[in-house]
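Read the structure below first, then the notes.
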Amino acid sequence: MMERQSNDESIEYHDSSEYVGFLGKRRFQRKVPKPSRMYEWLQRLFYVSTTTLNIVAIILLVRVYSASSSASVAEEASHVVPSCGDDIHISNHDQYEHLSEPWVDPRGNTLWKVSWAHQLHCLYLIMNDFDRLVRYGVTRKENQVEEGHFQVHTNHCFDYLRQSILCTSDMTLEGKVLGRDANPGTDGWGHLHTCRNHREVVQWVEERRVKDKGFIIDPGSPL
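All you need for the numbering used here is the position in the sequence shown, starting with 1, plus 81.
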């Protein structure tokens with residue numbers, strides 16, 4: 082490395098070797114000036130700018146896709162939920178031994194919620210809040226997608242649960258919140274459902290297992 086002073090300016094050089102044909106491959110050295118610091122700074126600025134723009138573009142695409150996906154799912158929900166919602170009135174409810182006590186709306190109507198419609202309502206609320214969390218972050222100012230979030234897998238899970246609720250269509254009628262006479266609506270707890278025996282279904286599955294260890298979330302599962 083050599084340094085030459087000229088007009089109070091410092092210019093750095095480095096050696097470059099090459100061979101010249103037709104001259105007996107004579108070797109010689111040529112002084113080639115290194116790129117200036119300004120050039121290097123501009124080059125780095127260019128790389129940083131393009132990388133930032135690419136990241137912003139990806140975030141915007143994910144947000145648009147997520148928003149459109151959420152909107153389309155909400156549109157589908159309007160076709161499977163009863164037009165009256167999930168609240169019903171049973172005029173002769175005293176005739177049913179296992180029917181829970183109704184809750185009363187502000188108009189004085191005695192009402193129950195149908196379980197499957199209530200389940201679907203909760204699923205869509207969870208999905209909507211999860212979509213907001215993914216697009217806006219916990220503080221709603223982050224505007225970034227959580228690392229490791231797999232959009233296709235998550236959409237599949239929400240839709241799978243939706244179809245399961247519709248397939249089962251639990252017709253249990255859910256009355257008022259137990260112990261709260263003045264609270265309109267229901268939390269779904271304390272009402273009699275017709276269910277499968279969970280111990281029996283677990284035993285049935287385990288008797289036909291192919292491995293001894295399983296995961297609720299399997300890292301190797303595609304869906």
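Glycine included, every Cβ here is placed at the ideal spot set by N, Cα and C. On a predicted model such as this, the values are computed, not experimentally measured, just so you know.
{"Check": "Cα-Cα separation, C203 to D293", "Outcome": "34 angstroms"}
{"Check": "Rounded distance between the beta-carbons of V195 and D167, thought under 8 angstroms", "Outcome": "5 angstroms"}
{"Check": "Under 8 angstroms between C-beta atoms of T267 and V258", "Outcome": "yes"}
{"Check": "Helix, strand or coil at T235 according to DSSP, with G and I counted as helix", "Outcome": "helix"}
{"Check": "With 16 other Cβ atoms within 10 Å as the buried cut-off, status of I246", "Outcome": "buried"}
{"Check": "Closest by C-alpha distance to W193, when choosing among Y217, R280 and H272", "Outcome": "H272"}
{"Check": "Beta-bridge pairing of D168 - partner residues as DSSP gives them", "Outcome": "K194"}
{"Check": "Under 8 angstroms between C-beta atoms of S181 and E255", "Outcome": "yes"}
{"Check": "Cβ-heavy atom distance, L259 to the ligand HEM, below 7 angstroms", "Outcome": "With respect to small molecules bound, the structure shown includes none, and the ligand HEM cannot be examined in it."}
{"Check": "Presumed contact (8 angstroms Cβ cut-off) between W197 and M252, rounded CB distance", "Outcome": "7 angstroms"}
{"Check": "C-beta contact flag for G269 and H179 at 8 angstroms", "Outcome": "no"}
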